[in-house]
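2 protein chains.
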Amino acid sequence: MTTPKYYWDDMDVGFTARTGGKTVTKDEIVKFASVYDPQPFHLDEEAAKDSILGGLCASGWHSCAIAMRLVVDDVYPEMAPLGSPGIEEVRWRRPLYAGETVKVALEVTDRRASKKRPDMGLTRFFWTMTNEKDDTIMTCDCWVMFARRPETQEEKGAA
Amino acid sequence: MTTPKYYWDDMDVGFTARTGGKTVTKDEIVKFASVYDPQPFHLDEEAAKDSILGGLCASGWHSCAIAMRLVVDDVYPEMAPLGSPGIEEVRWRRPLYAGETVKVALEVTDRRASKKRPDMGLTRFFWTMTNEKDDTIMTCDCWVMFARRPETQEEKGAA
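Structure, rendered in structure tokens:
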């Protein structure tokens, strides 16, 4: 692994990042839903029009997965993420319809060093997924584990 | 749509349901991760062994999506779900490794009628995903919207 630009130590509360955009197609929405969330409003345009969602829209889990991919592609290459213990909250603020182009803004809202593992820290992010009109589609409040900067660990070890 | 067995009105706090099991393959894990979460520990067995996750394991979002499919297949056919406004919490308690067979137990923990829509109510579920040894893989605390029993609405309208 190449040396990351941002270790856990380098991301204070208030640190921000953003991804590029991705246009979500009807085919993708139907394909994801066929495998993971085959409810009528994610599969069938006519059924979706009659639903309270108002039209064919992505599974909420699909929105989460799309956001994750944007973050992995555009934000994580400069970091050293080690996985996540969980999610504090997801809000699907409005449906994600076919043809919309979404992007994610991230902000660090909290952080803590790991008690068990001196080589690791936890960072709390607030993700906001918006469309091309800047309507908020989804927010996600989550913790991610990151590697700590090696020299910090040595200093602590030597102290 | 056929008449559901359980409307919102029929699911009190304490109502439970459970899904059948599904075996998660390495191919599925890698396929999902390739599209939505291409981090080394979800794609490559060798990289995964060196990670804190200890072996190739599903993206947390994949675990959520697998749980959703089990619920849609085995629990929702008797209900009238209308979508979800969001998730209160997800905990990825331990990695979901290739070859494990998972199932989901659901329990209703809260409920409220919709203020805006008399034909709808919200139900809060706690999902517990376990493997074949009953180890807890994931929990998910989420709200789902359901249709209300039509005769209840008429009674309320007439009152």
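From first to last, the protein sequence lines stand for chains A and B. Taking my numbering, the leading residue of the first sequence gets 44, the next gets one more, and so forth. Taking my numbering, the leading residue of the second sequence gets 44, the next gets one more, and so forth. Even for Gly, the Cβ is constructed at its ideal location relative to N, Cα and C.
For residue i, count neighbouring Cβ atoms within 10 angstroms of its own Cβ and tell me buried if that reaches 16, exposed if not.
i: P24(A); result: Since the first residue shown for chain A is 44 and the last is 202, residue 24(A) is missing from the structure and cannot be characterised.
i: G200(B); result: In this predicted model, G200(B) has a pLDDT of only 49, less than 50, meaning its place in the structure is not dependable; the value taken from the coordinates is given anyway. With fewer than 16 Cβ atoms within 10 Å of its Cβ, G200(B) is classed as exposed.
i: K146(B); result: buried
i: S106(A); result: buried
i: S94(A); result: buried
i: R155(B); result: exposed
i: G126(A); result: buried
i: R191(B); result: buried
i: R160(A); result: exposed
i: D80(B); result: buried
i: V133(A); result: buried
i: T171(A); result: buried
i: S102(A); result: buried
i: T45(A); result: exposed
i: V56(B); result: exposed
i: T179(B); result: exposed
i: T182(B); result: buried
i: T62(B); result: buried
i: F173(B); result: At residue 173(B) the sequence reads Thr, which differs from the Phe that was named. Per the 10 Å Cβ criterion, buried.
Below 8 Å CB to CB, which residues in the same chain sit around residue i once its five sequence neighbours on both sides are set aside?
i: A202(A); result: For A202(A), the predicted structure reports a pLDDT of 40, less than 50, and the residue's modelled location is therefore unreliable. The matter cannot be settled from this model.
i: V115(B); result: none
i: A108(B); result: F75
i: E194(B); result: none
i: W135(A); result: G103, S106, I180, M181
i: D52(A); result: G164, R191, R192, T195
i: S77(B); result: L86
Tell me which same chain residues have a C-beta within less than 7 Å of the C-beta of residue i, skipping the five on either side of it?
i: M122(B); result: P47, Y49, F189
i: A90(B); result: P83, F84
i: L96(B); result: F84, P138
i: V73(A); result: L86
i: T68(B); result: A141
i: W104(B); result: Y79, D80
i: S157(A); result: M163, G164, L165
i: M111(B); result: none
Residue i bridges to which residues according to DSSP?
i: I109(A); result: In DSSP, I109(A) forms no bridge with anything.
i: V118(B); result: Beta-bridge pairing links V118(B) to no other residue.
i: R154(B); result: T166(B)
i: M54(B); result: M54(B) pairs with nothing; no bridge assigned.
i: E132(A); result: D184(A)
i: T179(A); result: T173(A)
i: A190(B); result: M163(B)
i: T195(A); result: T195(A) is not bridged to any residue.
i: K146(A); result: T173(A)
i: P124(B); result: F189(B)
Leaving out five residues before and five after residue i in sequence, what residues of the same chain have Cβ atoms less than 6 Å from its Cβ?
i: G64(A); result: T144, K146
i: E175(A); result: T144
i: F58(B); result: V151
i: E165(A); result: In the sequence under discussion, the amino acid at residue 165(A) is Leu, which differs from the Glu named in the question. Excluding positions up to five away in sequence, the list reads R155, W186, M188.
i: A60(A); result: V118, L149
i: E88(B); result: L99
i: M54(A); result: V151, T166
i: Y140(B); result: G98, C100
i: D153(B); result: R167
i: I130(B); result: C185
i: T66(B); result: T144
Name the chain C residues that come within less than 9 Å of residue i, Cβ to Cβ?
i: R191(B); result: Given the protein chain composition of this structure (A and B), no chain C is represented.
TODO: Mind listing, in chain order, the continuous alpha helix (DSSP H) runs of no fewer than 4 residues lying wholly within the stretch 59-106 of chain B?
DONE: Uninterrupted alpha helix (DSSP H) stretches at least 4 residues long and entirely within the stretch 59-106 of chain B occur at 69-79, 83-86, 88-93, given in chain order.
TODO: Pull out every residue of the stretch 131-152 of chain A whose Cβ sits closer than 9 Å to any Cβ of chain B, in chain order.
DONE: Cβ proximity to chain B below 9 Å picks out E131, E132, V133, R134, W135, R136, P138 from the stretch 131-152 of chain A.
Open item on the list: Output needed in chain order: residues of the stretch 76-101 of chain B with a Cβ under 8 Å from some Cβ in chain A.
Closed with: Per Cβ criterion, the list reads V78, Y79, D80, P81, Q82, F84, S94, I95, L96.
Open item on the list: What are the residues in the stretch 115-129 of chain B lying within 9 Å of chain A by C-beta distance?
Closed with: The residues in question are V115, D116, Y119, P124, L125, G126, S127, P128, G129.
Task: Selection of the stretch 47-64 of chain A by Cβ proximity to chain B, strictly under 9 Å - done: Those would be none; no residue qualifies.
Open item on the list: Counting only Cβ-Cβ distances shorter than 7 Å, please list the residues of the stretch 149-173 of chain A near chain B, keeping chain order.
Closed with: Listed by position along the chain: nothing, the set is empty.
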